[in-house]
Amino acid sequence: MIIKSSKLKISAVNPSSYPDDDLPCIAFAGRSNVGKSSLVNSVLKRKTLARVSQMPGKTRTINFYLINDNFYIVDLPGYGYAKLSKEEKDSWGKTMELYFSESKNLKHLFLLLDIRHEPKETDRQMYEYCKYYNIPVDIIATKSDKISRGQYQKSFSVIKKFLNIKGDEVKIFPISSLKKTGIEEVSDYMEEILK
Ligand code: GDP
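As structure tokens, this is what we get:
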């Protein structure tokens, strides 16, 4: 996919401030620090559009990036940051639940998981949210530069086992924002999703 234009259209918490058009949305979700901002920037070939987090877990808004004037990349707030208060965690949950239940144009979600680690319970919850709301979901395994190519399959098996994924029902894209590998594959797949 060729990205001709991208701009942050709106940062929203409540459905009343989601974009009021009918353009399709592709969302990115993951734990704080998983490399989500870096990936969004890499996909958009920008250095600074999605701010790489200085304070993990502090972004509570849903950011809608309008791409090529015909779809949105939706950057969902990172989760699983241990130092958040109960109120902050509850507010994250509420924001997400509202988004899943109220968003009419969500076509697809990419769940980002660090390629090096077994997913956490919160990742499973996010995956289950998608299943519950019938949102097609695929996985992006981030920071692939941190392991050798030969270890990818083992890492994918750990992810699949943890999330109880059978066969090829879910795609797993290994990507490195640092080395810029795998980005094109995600970008091309987004084009397919939008067809
Ligand atoms: P976010 O909290 O999920 O938005 O994560 P960020 O994009 O802010 O990245 C968190 C940390 O991981 C930062 O220190 C990044 O430099 C680092 N990081 C992000 N992507 C990669 C990657 O592909 N490879 C490596 N080695 N580090 C990465």
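Mapping the sequence shown onto full-length UniProt numbering, position 167 (from 1) lands on 167, and the numbers just tick up by one. No residue lacks a Cβ here, since even glycine has one placed at the ideal position from N, Cα and C.
- DSSP places Leu113 inside the beta strand (DSSP E), whose first and last residues are Leu106 to Asp114.
- Membership of Asn41 in the alpha helix (DSSP H) is indicated by the continuous run Lys36 to Val43.
- Under DSSP, Leu66 shares a beta bridge with Lys7 and Tyr72.
- The closest heavy atom of the ligand GDP lies less than 8 Å from the beta carbon of Lys143.
- For Ile26, no alpha helix (DSSP H) run applies; the uninterrupted beta strand (DSSP E) run containing it begins and ends at Cys25 to Gly30, by DSSP.
- Within the segment 78 to 164, the complete alpha helix (DSSP H) runs of at least 4 residues fall at 86 to 102, 121 to 132 and 152 to 163.
- Burial state of Ala29 is buried, judged by a 10 Å Cβ sphere holding 16 or more other Cβ atoms.
- Taking 9 Å as the cut-off, the beta carbon of Leu8 is found closer than this to the beta carbon of Tyr65.
- Closer than 8 Å to some heavy atom of the ligand GDP: that does not describe the Cβ of Asn70.
- For the pair of segments examined, the segment 18 to 38 was found to touch the segment 69 to 80: the number of CB pairs separated by less than 8 Å reaches three.
- Rounded to whole angstroms, the gap between the alpha carbons of Pro174 and Gln151 is 11 Å.
- Going by beta carbons, Gly80 and Ser32 fall inside the 9 Å limit.
- Taking a C-beta distance under 9 Å as the contact criterion, Asp145 and Ser176 qualify as a contact pair.
- Contact annotation: Ile183 and Ser42 have beta-carbon atoms nearer than 9 Å.
- Between the ligand GDP and Val13, a heavy atom-to-CB distance of less than 8 Å is absent.
- Shown here for Gly35: same chain residues with a beta carbon closer than 7 Å to its own, the five before and five after excluded, namely Leu112, Thr142, Lys143 and Ser177 in chain order.
- For Ile2, no beta strand (DSSP E) segment is defined, and its DSSP state is neither H nor E.
- DSSP places Ile175 in the coil class of the three-state scheme, outside both helix and strand.
- Around the Cβ of Gly78, a 10 Å sphere holds 16 or more other Cβ atoms; the residue is buried.
- Within 10 angstroms of the beta-carbon of Ser155 lie 16 or more other beta-carbons, which makes it buried.
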